[in-house]
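Following: one structure in structure tokens, then a few remarks.
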Amino acid sequence: MSAEKKMTLKGLRSLIRDVPDFPKPGILFKDITTLLKNASALRFTVGKFASKFTGSQIDQVVAIESRGFIFGSALAIKLKSGFVPVRKKGKLPAKSESVSYTLEYGQDSLEVHVDAIQKGTRVVIVDDLLATGGTAEAVVKLIEKLGGEVVGLAFLVELSFLKGRERLKGYPIHSLITF
Ligand code: AMP
């Protein structure tokens, strides 16, 4: 029998690896692969996310390509909800709704299938990391365009100095770790 150490938020935090100057100079990349490969950390993360929404009657977990997918499907199973992928432009095969958002340089688009969300569908949005909030804000717009109701947003990591929260005012935000 293996004696598994009890995971804590402090423990999770220590499992995130800083990679300086990735993908470009000046960015301190928060690498979560070092957390994901730890079985108890992975299970603890998904359990923590689920605990934030227990009893909230979530219809769909909407996850953002691509690291959001890692948690999204596992969270959906825990919440007994469905899973809806939000993908980069041109990846989804059927009729999609799209939203453009501003990146540091230029613009990009995110898309979701129009039949994935109906009027009143109760949604949790999940991604690995909240930075400036531009991506999450775009996904909120996308869901609301289709009539969905954003019950809350969940992130493993929040970079609070980038003030992403300010772009998501009025929506409950659950971040497990803040830097
Ligand atoms: P933002 O739209 O600025 O909130 O950026 C959020 C998205 O960019 C998330 O999907 C993250 O995966 C990614 N991201 C932004 N900054 C970082 C960072 N320092 N380390 C890792 N991922 C990041």
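No gaps in the numbering here: position 90 of the sequence shown is 90 in UniProt numbering, and each next residue is one more.
Ideal placement from N, C-alpha and C gives every residue a C-beta, glycine not left out.
Counting every other CB atom within 10 Å of its CB across the protein chains shown gives residue 54 a total below 16, marking it as exposed. The beta carbon of residue 98 is closer than 6 Å to those of 109 and 111 in its chain, skipping five residues each way along the sequence.
Contact between the segment 118-125 and the segment 146-153 is established, with three or more Cβ pairs separated by less than 8 Å. In the DSSP assignment, residue 166 falls outside any beta strand (DSSP E) and carries neither an H nor an E. Note: residue 51 is not bridge-paired with any residue in the DSSP secondary-structure output. Where residue 68 is concerned, the enclosing alpha helix (DSSP H) starts and stops at 67-79. DSSP, reduced to helix, strand and coil, places residue 99 within a strand of the structure shown.
By the neighbour-count definition (other C-beta atoms within 10 Å, threshold 16), residue 166 is an exposed residue. The segment 79-90 and the segment 28-47 do not touch, with fewer than 3 CB-CB distances between them shorter than 8 Å. Short note on residue 12: C-beta not closer than 8 Å to any heavy atom of the ligand AMP.
Counting only beta-carbon distances shorter than 7 Å to the non-hydrogen atoms of the ligand AMP, the qualifying residues in chain order are 27, 28, 29, 30, 64, 67, 68, 127, 128, 129, 130, 131, 132, 133, 134, 135, 136, 159, 162 and 164. Secondary structure at residue 36: helix, using DSSP grouped into helix, strand and coil.
Minimum Cα-Cα distance from residue 29 among the listed residues 171, 20 and 36 corresponds to 20. A Cβ-Cβ separation of about 5 Å places residue 94 in contact with residue 113 under the 8 Å criterion. Nearest neighbour of residue 135 by Cα position, chosen from 169, 115, 116 and 100, turns out to be 100. Remark: C-beta atoms of residue 154 and residue 36 do not approach each other more closely than 9 Å. Apart from sequence neighbours up to five positions away, the residues of its chain that approach residue 144 with a beta-carbon distance below 8 Å are 150, ordered along the chain.
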